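Under this note's numbering, the first residue of the sequence shown is numbered 17, with each subsequent residue one higher.
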Amino acid sequence: MKGSEGPLRCCVFTSNLGSAGEDESRDVFRGWLEDPKRVGREGGVDVMCLHLQEIGGKSFDKGFNDMLAKDTADLMDGAGWYSGLMAHQLDDQDFTAVGAVVIISKRALPRVQIYDAIQERHVPLLDQSGTPLLPRSSAHFVPRKFLDAGVSRKGWVHYNLRIDSHEWTFVAIHLYHDDDNWVTYNSEDCRGPSAKRRSNALKESVGTVDEKLKKIWK
């Protein structure tokens with residue numbers, strides 16, 4: 017991303033944590049974090065985004081979520097700002113199994129703004145005194161469950177960053193899956209029983225985000 021003050025480098029990592037919350041999964045996830053950690057500590061990235069699925073696992077493991085927040089907050093040396101939607105809203109009916117974390121370098125802070133869904137405008141990450149903005153998860157990282165999700169946590173989270181004069185919208189979506197992917201793979205059309213539901217869910221999420229973007233760009 018090029019600006020008048022020189023280029024900024026952005027990196028996005030994504031992972032499906034699977035049966036997160038079990039001790040084995042914690043070890044696997046910490047191993048996966050080695051790549052983002054290496055990139056962050058090499059000092060070549062100004063904006064790091066992590067999109068994660070199955071936050072807390074099926075048993076809503078708060079201990080895992082606390083570990084997740086702690087480990088991801090330490091990814092970038094000299095980070096100026098850290099925020100994200102993790103599993104702090106376990107009782108929120110809109111909480112999904114999707115997590116998003118954004119880490120901004122100190123040098124990039126004056127050039128980055130995040131959209132605030134409550135104020136309906138982009139807000140700077142630094143106030144007039146140079147103090148980093150206090151993160152507001154539900155305002156900056158907007159979660160939504162699919163309309164037909166029922167008791168499941170399938171849904172998405174989206175957020176919008178303005179970097180210099182450019183706007184970037186990030187959407188992490190957790191779609192429905194079939195009970196047995198091998199059955200789907202061996203079926204005649206490889207679509208599976210959840211194909212229609214996935215298609216509808218994708219249209220719902222993209223359509224909703226598109227409407228919100230029209231409001232942002234009005």
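We treat Cβ as the ideally placed atom computed from N, Cα and C, and that holds for glycine. Predicted model, so just to flag it, every value in this text is computed and none were measured.
Partner residues in the beta bridge of Val118, as assigned by DSSP, are Cys65 and Ser99.
Fully enclosed beta strand (DSSP E) runs of no fewer than 3 residues occupy 158-161, 171-179 and 182-190 of the stretch 155-196, in order along the chain. By the Cβ neighbour-count rule, Asn176 is buried, with 16 or more other Cβ atoms within 10 Å of its own. Here Arg137 carries a strand assignment [DSSP, helix/strand/coil]. Contact check for Cys27 against Trp184 fails: the beta carbons are separated by 9 Å or more.
Of the candidates Met64, Arg54 and Asp43, the residue whose Cα lies closest to the Cα of Met83 is Asp43. The distance from the Cβ of Thr88 to that of Val117 is about 5 Å, consistent with a contact at the 8 Å cut-off.
Trp172 sits away from Ser99, with the two beta carbons spaced by 9 Å or more.
If you check the CB distance, Ser121 and Gly146 do not come in under 9 Å. By the 16-neighbour rule on beta-carbons within 10 angstroms, His156 is buried.
Judged by DSSP in its simplified three-state form, Pro148 adopts strand. Nearest in C-alpha terms to Phe29, of all of Tyr131, Leu125, Arg169 and Val187, is Val187. Around the CB of Lys161, 16 or more other CB atoms lie within 10 Å, so the residue is classed as buried.
With distances taken between CA atoms, Gly115 lies nearest to Arg169 out of Leu141, Arg169, Arg137 and Lys212.
Assignment of Leu24 by DSSP, reduced to helix, strand and coil, places it in the coil class.
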